[in-house]
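A.B. asks: Quick note on our numbering: the sequence shown kicks off at 51 and runs consecutively.
Even for Gly, the Cβ is constructed at its ideal location relative to N, Cα and C.
There's a structure below that I have some questions on.
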Amino acid sequence: MRSMLGFLGRDMAVDLGTANTLVYVRDRGIVLDEPSVVALNTRTGKIVAVGAEAKQMIGRTPGHIVAIRPLADGVITDLEVAEQMLRYFIRKVHRRPLTQPRLIIAVPSGITGVEQRAVKEAGYQAGARRVYIMEEPMAAAIGAGLPVQEASGSMVVDIGGGTTEVAVISLGGIVTSQSVRVGGDELDQAIIAHVKKEHSLLLGTRTAEEIKIAIGTACAPAVERRLPIRGRDLITGLPRTVEITDREVYEAIDEPLHTIVDSVQATLDECPPELAGDLATSGIVVTGGGALLDGLDHRLAEATGMPVKVADNPLLSVALGSGRCVEEFDRLQGVLVPEPRR
Numbered sequence: 051m052r053s054m055l056g057f058l059g060r061d062m063a064v065d066l067g068t069a070n071t072l073v074y075v076r077d078r079g080i081v082l083d084e085p086s087v088v089a090l091n092t093r094t095g096k097i098v099a100v101g102a103e104a105k106q107m108i109g110r111t112p113g114h115i116v117a118i119r120p121l122a123d124g125v126i127t128d129l130e131v132a133e134q135m136l137r138y139f140i141r142k143v144h145r146r147p148l149t150q151p152r153l154i155i156a157v158p159s160g161i162t163g164v165e166q167r168a169v170k171e172a173g174y175q176a177g178a179r180r181v182y183i184m185e186e187p188m189a190a191a192i193g194a195g196l197p198v199q200e201a202s203g204s205m206v207v208d209i210g211g212g213t214t215e216v217a218v219i220s221l222g223g224i225v226t227s228q229s230v231r232v233g234g235d236e237l238d239q240a241i242i243a244h245v246k247k248e249h250s251l252l253l254g255t256r257t258a259e260e261i262k263i264a265i266g267t268a269c270a271p272a273v274e275r276r277l278p279i280r281g282r283d284l285i286t287g288l289p290r291t292v293e294i295t296d297r298e299v300y301e302a303i304d305e306p307l308h309t310i311v312d313s314v315q316a317t318l319d320e321c322p323p324e325l326a327g328d329l330a331t332s333g334i335v336v337t338g339g340g341a342l343l344d345g346l347d348h349r350l351a352e353a354t355g356m357p358v359k360v361a362d363n364p365l366l367s368v369a370l371g372s373g374r375c376v377e378e379f380d381r382l383q384g385v386l387v388p389e390p391r392r
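Dropping the structure here:
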């Protein structure tokens, strides 16, 4: 029998990401996937646009309209804007305004208690009746289909926009983990810095992301690929086009990638011997947008000597995992972050 809350409103899960926010609604699946961006009119204090529409405005707005990312490195940096963004997304998918859903929000495992409270407060202010916190690596592991509740080790590497979460999971809990504030955004910034230094060209974050997707690689390229890019010449101030190679991109993003690889190795070093034996067989599963970077699985396999597999739906793993907790709340509520004792 469904809880009384089931009649009050459909429960939902939110993957509140630095780059994108995904919303999963019970019995409907993932119903929203939009950039975590809000366009704000600084003169009136009112929101102009949210999500995909707001992202289109980044770098293209007049002085009094500012495109804000209310999350950085996986945590809320602007609580008021984050509340409004979350409220907008919830109301967009939850058409009955008088109902109050139960809400599960996935957050990085390394965030502080203060940051957790900020996330919960945003959920309550957005209209939720009850808010639960779920750690992203656990959600990613469930979404990737790993047997998290069994007495065997599973390892997940979730590379998001602002953070990389590495965790070894067994019996429904995280045994050991690392959370580093390096992700896709850091790779974009590394590309911007390289082009600025080597070509005296200033790029926007959207262009850097397009370069990363088109010719970015985690391994030294065997065959050279070139990509024409446009930016603003730092000397003349005029638009200019240059060609960039995949070798340049590889060298630009090598340092942040090295940090990610180090975090995986550090997590393995802390893993109990019994679970390490399980991982030698089951291997590592990579999720998140960073999992789509060409050659990343090969680089991790080379560094760890273990089999590495990219999840079937790496961009959706966290949302699917937290959504499964919504669907099977009674069975899986043990994997949620427990309420602090009062």
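Is it buried or exposed for D380, if we count other Cβ within 10 angstroms and need 16 for buried?
C.D. replies: exposed
A.B. asks: Excluding five sequence neighbours on each side, which residues of the same chain lie with their C-beta closer than 6 Å to the C-beta of G234?
C.D. replies: G211, G339, G340
A.B. asks: Under three-state DSSP, which class holds G215?
C.D. replies: Checking the sequence, you will find Glu at residue 215 rather than Gly. Note: E215 maps to strand in three-state DSSP.
A.B. asks: Going along the chain, which unbroken runs of the beta strand (DSSP E) with 3 or more residues stay wholly within the segment 125 to 175?
C.D. replies: 152 to 157
A.B. asks: For the segment 327 to 372, list the beta strand (DSSP E) runs that are entirely contained and at least 3 residues long, ordered along the chain.
C.D. replies: 334 to 337, 358 to 360
A.B. asks: Sort P187, Y74, A194, V88 by Cα distance to V230 and report the nearest one.
C.D. replies: P187
A.B. asks: Might you give, ordered along the chain, the residues of its own chain that have their beta carbon closer than 6 Å to the beta carbon of Q199, omitting 5 neighbours on each side?
C.D. replies: G222
A.B. asks: Can V216 and T317 be called in contact, C-beta distance under 8 Å?
C.D. replies: yes
A.B. asks: Residues in the same chain with beta-carbon distance under 7 Å from D40, minus the five sequence neighbours each way, listed in chain order, please.
C.D. replies: Here the chain covers residues 51 to 392 and nothing more, so residue 40 does not appear.
A.B. asks: Just to check my reading of the structure: N91 and I118 have Cβ atoms closer than 8 Å, yes? What is that Cβ distance to the nearest angstrom?
C.D. replies: With 8 Å as the limit, N91 and I118 do not qualify as a contact, their Cβ atoms being about 11 Å apart.
A.B. asks: Just to confirm, is the Cβ distance from I279 to L237 under 8 Å?
C.D. replies: no
A.B. asks: Could you give the DSSP three-state label for E285: helix, strand or coil?
C.D. replies: The residue asked about is misnamed: residue 285 is Ile in this sequence, not Glu. DSSP places I285 in coil when its eight states are reduced to three.
A.B. asks: With R152 and D61 assumed to form a contact (beta carbons below 8 Å), what rounded beta-carbon distance in angstroms separates them?
C.D. replies: 4 Å
A.B. asks: So, using beta-carbon positions, are L251 and R282 closer together than 8 Å?
C.D. replies: yes
A.B. asks: Can you tell me whether E133 is buried or exposed? The criterion is at least 16 other CB atoms within 10 Å of its CB, across all chains shown.
C.D. replies: By the neighbour-count rule (16 or more Cβ atoms within 10 Å), E133 is buried.
A.B. asks: Determine the direct distance from the alpha carbon of T257 to that of V169, and round the result to whole angstroms.
C.D. replies: One C-alpha to the other measures close to 30 Å.
A.B. asks: Between the segment 255 to 273 and the segment 365 to 375, do three or more beta carbon pairs fall short of 8 Å?
C.D. replies: no
A.B. asks: Within this structure, are the beta carbons of A272 and R349 separated by less than 8 Å?
C.D. replies: no
A.B. asks: Evaluate the contact criterion for the segment 69 to 88 versus the segment 96 to 103: three or more CB pairs, one atom per stretch, below 8 Å.
C.D. replies: yes
A.B. asks: Enumerate in chain order the residues of its own chain whose CB-to-CB distance from V292 is below 7 Å, with the five nearest sequence positions on each side excluded.
C.D. replies: H249, L251, I279
A.B. asks: Throw me the rounded Cβ distance for the Q166 and I183 pair, which I believe falls under 8 Å.
C.D. replies: 6 Å
A.B. asks: Who are the Cβ neighbours of V387 in its own chain at under 6 Å, not counting the five residues just before and after it?
C.D. replies: I183
A.B. asks: Can you grab the Cα-Cα spacing for the pair I80 / A369, in whole Å?
C.D. replies: 7 Å
A.B. asks: Considering G260, what are the terminal residues of the beta strand (DSSP E) in which it resides?
C.D. replies: Contrary to the premise, residue 260 reads as Glu rather than Gly in this sequence. E260 -> not in any beta strand (DSSP E); alpha helix (DSSP H) instead, spanning 255 to 265.
A.B. asks: Could you tell me whether the Cβ atoms of A156 and D83 are closer together than 8 Å?
C.D. replies: It is not a contact, given that the beta carbons lie outside the stated cut-off.
A.B. asks: Going by beta carbon distance, what residues of the same chain come within less than 8 Å of Q315, once the five residues before and after it are set aside?
C.D. replies: A353, T354
A.B. asks: Please report the straight-line C-alpha distance between E301 and G254, rounded to a whole angstrom.
C.D. replies: One C-alpha to the other measures close to 19 Å.
A.B. asks: Just verifying my parser: in three-state terms, what is the DSSP assignment at Q106?
C.D. replies: coil
A.B. asks: Sorted by chain position, which residues of the same chain lie with C-beta nearer than 6 Å to S159's C-beta, five sequence neighbours on each side aside?
C.D. replies: E185, P187, E215, S227, S229
A.B. asks: Taking I154 and C375 to be in contact with their CB atoms under 8 Å, please state how far apart those CB atoms are, rounded to whole angstroms.
C.D. replies: 6 Å
A.B. asks: Return the CA-CA distance between A104 and A201, expressed in angstroms with no decimal places.
C.D. replies: 45 Å
A.B. asks: From I224, D208, Q150, pick the residue whose C-alpha is nearest to that of V181; which is it?
C.D. replies: Q150
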